[in-house]
Every structure is written in C-alpha cells, then in structure tokens.
Amino acid sequence: MRAVTVVPGTAGSLQVEEVPEPDVRLGSVLVEALAVGICGTDVEIAEGRYGWPPPERDRLTLGHESLGRVLDPGSSGLRVGEHVVGIVRRPDPLPCPNCAVGEWDMCANGGYTERGIKQADGFMAERWRIEPEYAVRVDPGLGVLGVLLEPTTVVAKAWEHIASIGRRTFWDPQTVLVVGAGPIGLLGAMIGVQHGVEVHVLDRVDSGPKPALVKELGATYHTGSIADVGLRPDIVLECTGVVGLVQQSIASVSPGGIICLTGVGPAGAAAGSAAALATEAVLKNLVVVGSVNANRRHYYRAAKALGAADRGWLAQLVTRRVGLGQVQAGLQRSAEDIKVIVEMTR
199 MRAVTVVPGT AGSLQVEEVP EPDVRLGSVL VEALAVGICG TDVEIAEGRY
249 GWPPPERDRL TLGHESLGRV LDPGSSGLRV GEHVVGIVRR PDPLPCPNCA
299 VGEWDMCANG GYTERGIKQA DGFMAERWRI EPEYAVRVDP GLGVLGVLLE
349 PTTVVAKAWE HIASIGRRTF WDPQTVLVVG AGPIGLLGAM IGVQHGVEVH
399 VLDRVDSGPK PALVKELGAT YHTGSIADVG LRPDIVLECT GVVGLVQQSI
449 ASVSPGGIIC LTGVGPAGAA AGSAAALATE AVLKNLVVVG SVNANRRHYY
499 RAAKALGAAD RGWLAQLVTR RVGLGQVQAG LQRSAEDIKV IVEMTR
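Next up, the structure:
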C-alpha cells in the first residue's frame with residue numbers, strides 16, 4: 199500500500215512510497231483511510247524541524263488528523279463501514295500519574311508517543327490499524343468533514359480549561375477575542391458562539407474567505423493590532439504564537455480575564471523571551487494557560503460541537519483538497535488556505 203513517509207530531522211525527505219500493510223501490533227481494528235488533514239506540525243516535520251521516527255526505524259508515516267472507514271473491526275464492537283478518527287497521543291509506559299488516569303494530554307514526564315509525530319506511524323497511509331480504545335466514532339453524515347474532529351479537540355480542551363479556571367471566582371464572561379483565523383482559531387470561535395458569548399476574531403488578512411466565515415458565525419472580524427480593536431475581552435484565545443500578539447493579548451485582557459495559548463512560538467527563541475514563554479506555556483500546559491493535545495473526553499466534546507455546527511459553514515473551512523500523490527503541493531500553504539486535506543481515495 200502507499201503511504202507518505204519522512205525521515206524526521208531531514209528536510210526534503212518526504213515521499214510517497216510503497217510500505218507493508220499495517221502491523222497488527224498497532225491495533226486490532228483495520229481502517230481504510232478516507233482523508234487526512236495537513237497542519238503546521240506536518241509542515242515542520244516535512245521541513246526536518248520536528249518529529250521522531252518509530253524505534254529502530256528511520257522513516258515515519260506522516261499524518262495525525264485522520265478520518266477512515268472500518269474494514270475489519272475485530273472484536274472491538276465497531277461495525278464494518280463505520281467512520282472513525284484515531285486518537286493521536288498514547289500514554290507513557292511507566293505511566294505518569296496523569297497518563298495513569300487517562301489524562302495523557304497532560305503527561306508529566308514526556309514519555310508519551312503520538313501517531314504521525316513522535317515515535318509512532320501516523321495515518322497518511324491507505325490503510326491503518328488502531329486499538330479499539332483509541333478509535334472514535336464519527337457521524338457519517340459529516341462525510342469528509344469528519345477529518346476536522348482532531349483539530350476541534352484542541353479547542354474543545356482549551357474551552358474546557360478556560361471554564362475550569364474561570365470557576366476560581368465569580369465569573370460571567372461576556373466577550374471573547376480569538377487571535378488568528380486559521381482552522382484552530384475559527385473552530386475555537388465556533389465553540390465560543392455555541393457557548394453564547396460575544397466573539398471577536400482578529401487576523402492579518404482583510405480579503406479571502408476568513409472575514410465572511412467569521413461573519414457567518416455571527417462573530418465580528420478585525421484586522422490590525424489588538425489595541426486597535428478597542429476591546430477589554432474577558433477571554434483571549436491566542437492561536438498564533440506570534441510574540442507581539444501574545445504580548446498584546448496579555449495587555450488587552452480585562453482584570454480577572456483568562457488568556458489561553460494554543461499557538462507555539464518560533465523555534466530557537468531566546469530564553470526568557472515572550473516566544474519562549476509561549477512555547478513553554480503551550481507545550482507544558484502552564485498558566486497563563488497553555489493548552490496542547492487532547493484526551494478521549496475532548497474528542498467526545500469536539501464531536502458534539504461539530505454535530506451542532508452548520509455543515510455548509512464547516513465545508514468552507516476545507517479550502518483545498520489534494521490526492522495522495524499531491525501531498526507536496528498540499529504542504530505549500532497559500533494565503534487563501536484555511537484547511538488543506540489529503541483525500542486518500544482520490
């Protein structure tokens with residue numbers, strides 16, 4: 199079968215190649231891949247800036263935003279033909295206390311693995327296997343839009359943590375500022391609208407699909423600096439990791455407000471800089487709250503959020519579709535792109 203593989207740490211190593219059928223040790227459920235989303239992490243891995251291969255291997259199968267159709271459910275209780283998404287992270291083998299109770303997204307010792315990212319093959323292959331407990335059913339009515347489930351888990355977790363932190367005192371948030379109108383920012387804004395708060399979205403572009411998508415949500419779109427927006431938001435969901443925007447977010451939030459960082463700053467940032475702080479906050483779940491990854495509970499919450507969303511609006515998030523043989527083109531992002539997906543059966 200065909201798969202997209204890379205040598206982590208080696209730029210220009212990405213290729214579509216013939217690989218063996220997935221090893222049954224990866225899971226008893228055999229799945230036919232339907233679609234895989236491309237995100238910034240995939241770009242970084244392809245550029246040799248991130249990622250780790252499986253043990254005793256040089257190459258890693260790329261892809262962590264999955265959607266597939268069950269071919270052989272084994273004894274899982276799933277049915278042939280059901281649509282599923284694979285959970286990305288696995289707990290460390292020790293395990294740490296958080297991993298031991300299923301909160302592997304909060305792993306305390308870094309011993310976790312991640313499909314398509316860290317020491318485990320991903321989902322950008324024509325067929326993949328998964329353990330039943332890490333397969334999440336997806337409403338088949340979503341069709342290929344089910345591939346949006348994994349990125350939605352990122353903001354489902356972020357909103358859960360925002361709500362938990364807010365309960366430290368009397369808290370009645372009215373206004374949310376989402377910084378960055380990429381897939382994470384737009385899906386985060388969608389959940390904010392579903393929560394019934396006033397949502398504002400800031401991005402650098404003033405053309406293309408983003409302003410209209412925000413307006414269709416019932417939110418307000420802004421460009422320029424955060425100070426120009428003139429808000430004192432109760433919540434800031436920062437989705438870019440850009441140093442100046444992180445600083446502006448901190449300066450703009452109202453007293454008692456919450457800033458949730460989901461964007462990672464540039465690699466090689468100097469120790470003590472705002473970019474280094476943002477990176478640490480995101481990857482270590484620090485406060486001002488950083489949020490990364492998700493556990494099974496967040497997949498459930500994300501599925502509910504997608505189920506409540508307008509299908510036509512969701513469809514507009516997928517701005518480009520490529521086939522398995524055009525992955526290199528899919529990794530080249532344009533200003534008009536929001537979410538690029540690989541249609542694996544195309």
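The numbering used here puts the first residue of the sequence shown at 199, with every later residue one more than the last. Where is the CB? At the ideal position from N, CA and C, for every residue including glycine.
Give me whichever residues DSSP pairs with residue i in a beta bridge.
{"i": "G521", "result": "E541"}
{"i": "G488", "result": "L459"}
{"i": "H420", "result": "L400"}
{"i": "D270", "result": "L228"}
{"i": "G554", "result": "What is shown of the chain runs 199 to 544, which leaves residue 554 out entirely."}
{"i": "E312", "result": "R287 and Q317"}
{"i": "E219", "result": "According to DSSP, E219 bridges with nothing at all."}
What first and last residue would you give for the beta strand (DSSP E) that runs through residue i?
{"i": "A333", "result": "A333 to V336"}
{"i": "R325", "result": "R325 to I328"}
{"i": "V377", "result": "T373 to V377"}
{"i": "R200", "result": "R200 to V204"}
{"i": "I160", "result": "Residue coverage of the chain in this structure runs from 199 to 544, which leaves residue 160 outside it and unanswerable."}
{"i": "E414", "result": "E414 -> not in any beta strand (DSSP E); alpha helix (DSSP H) instead, spanning K408 to L415."}
So residue i packs on residue j, CB below 8 Å; how close in whole Å?
{"i": "S274", "j": "F321", "result": "Wrong, their Cβ atoms sit about 17 Å apart, outside the cutoff."}
{"i": "V336", "j": "V377", "result": "Not a contact, Cβ separation roughly 29 Å."}
{"i": "Q530", "j": "P407", "result": "Q530 to P407, Cβ: 18 Å. No contact."}
{"i": "A417", "j": "V403", "result": "Not really, about 16 Å apart at Cβ, beyond 8 Å."}
{"i": "L269", "j": "E230", "result": "5 Å"}
{"i": "A354", "j": "R494", "result": "Contact doesn't hold; Cβ gap of about 11 Å is too wide."}
{"i": "S552", "j": "T460", "result": "Given that the chain is displayed from residue 199 to residue 544, the structure contains no residue 552 and the question cannot be resolved."}
{"i": "I363", "j": "V227", "result": "Contact doesn't hold; Cβ gap of about 36 Å is too wide."}
Please name the residue, chosen from the options, that lies closest to residue i on a Cα-to-Cα basis.
{"i": "A503", "options": "E242, H393 and G210", "result": "H393"}
{"i": "P218", "options": "L212, R257 and L232", "result": "R257"}
{"i": "E215", "options": "L224, E280, V205 and Q372", "result": "V205"}
{"i": "V278", "options": "R267, G284 and I285", "result": "R267"}
{"i": "M199", "options": "T421, I536, W326 and G380", "result": "W326"}
{"i": "I236", "options": "G261, T350 and L400", "result": "G261"}
{"i": "V462", "options": "S226, E242 and A209", "result": "E242"}
Measuring only the C-alpha atoms, how far is residue i from residue j?
{"i": "A476", "j": "I382", "result": "16 Å"}
{"i": "T259", "j": "L385", "result": "26 Å"}
{"i": "E312", "j": "L512", "result": "26 Å"}
{"i": "T203", "j": "V538", "result": "18 Å"}
{"i": "V540", "j": "T373", "result": "36 Å"}
{"i": "P371", "j": "V486", "result": "17 Å"}
{"i": "I457", "j": "C437", "result": "11 Å"}
{"i": "T543", "j": "V520", "result": "10 Å"}
{"i": "E280", "j": "P338", "result": "7 Å"}
{"i": "Y332", "j": "R288", "result": "9 Å"}
{"i": "A201", "j": "V234", "result": "12 Å"}
{"i": "P409", "j": "L522", "result": "30 Å"}
{"i": "A469", "j": "Q445", "result": "Caution is warranted here: a pLDDT of 48 is assigned to A469, below 50, making its placement in the model unreliable, and no coordinate value can be reported."}
{"i": "P431", "j": "A361", "result": "15 Å"}
{"i": "L400", "j": "L481", "result": "23 Å"}
{"i": "V434", "j": "P252", "result": "37 Å"}
{"i": "N307", "j": "N483", "result": "13 Å"}
{"i": "R366", "j": "G390", "result": "20 Å"}
{"i": "R223", "j": "W302", "result": "20 Å"}
{"i": "K316", "j": "S211", "result": "17 Å"}
{"i": "Y419", "j": "S405", "result": "11 Å"}
{"i": "E348", "j": "L232", "result": "14 Å"}
{"i": "H455", "j": "E358", "result": "Just to set this straight, residue 455 is Gly in the shown sequence, not His. Roughly 15 Å between the two C-alpha positions."}
{"i": "T351", "j": "I536", "result": "17 Å"}
Between which two residues does the alpha helix (DSSP H) holding residue i run?
{"i": "Q446", "result": "V441 to S450"}
{"i": "T239", "result": "G238 to A244"}
{"i": "A503", "result": "R494 to A506"}
{"i": "G284", "result": "It is not in any alpha helix (DSSP H) - G284 instead sits in the beta strand (DSSP E) that spans H281 to G284."}
{"i": "E216", "result": "Element bounds for E216: not the alpha helix (DSSP H) but the beta strand (DSSP E), Q213 to E216."}
{"i": "R531", "result": "Neither: R531 is in no alpha helix (DSSP H) and is coded neither H nor E."}
{"i": "A298", "result": "P295 to A298"}
{"i": "R509", "result": "R509 to L515"}
{"i": "E254", "result": "Element bounds for E254: n/a, residue is neither H nor E."}
{"i": "V353", "result": "L347 to G364"}
Counting only beta-carbon separations shorter than 8 Å, does residue i have a partner in chain D?
{"i": "R277", "result": "In the structure shown, chain D cannot be found, because there is only a single protein chain."}
Is any heavy atom in the ligand FAD found nearer than 7 Å to the beta carbon of residue i?
{"i": "R327", "result": "Among the components modelled here there is no ligand, and therefore nothing to report on the ligand FAD."}
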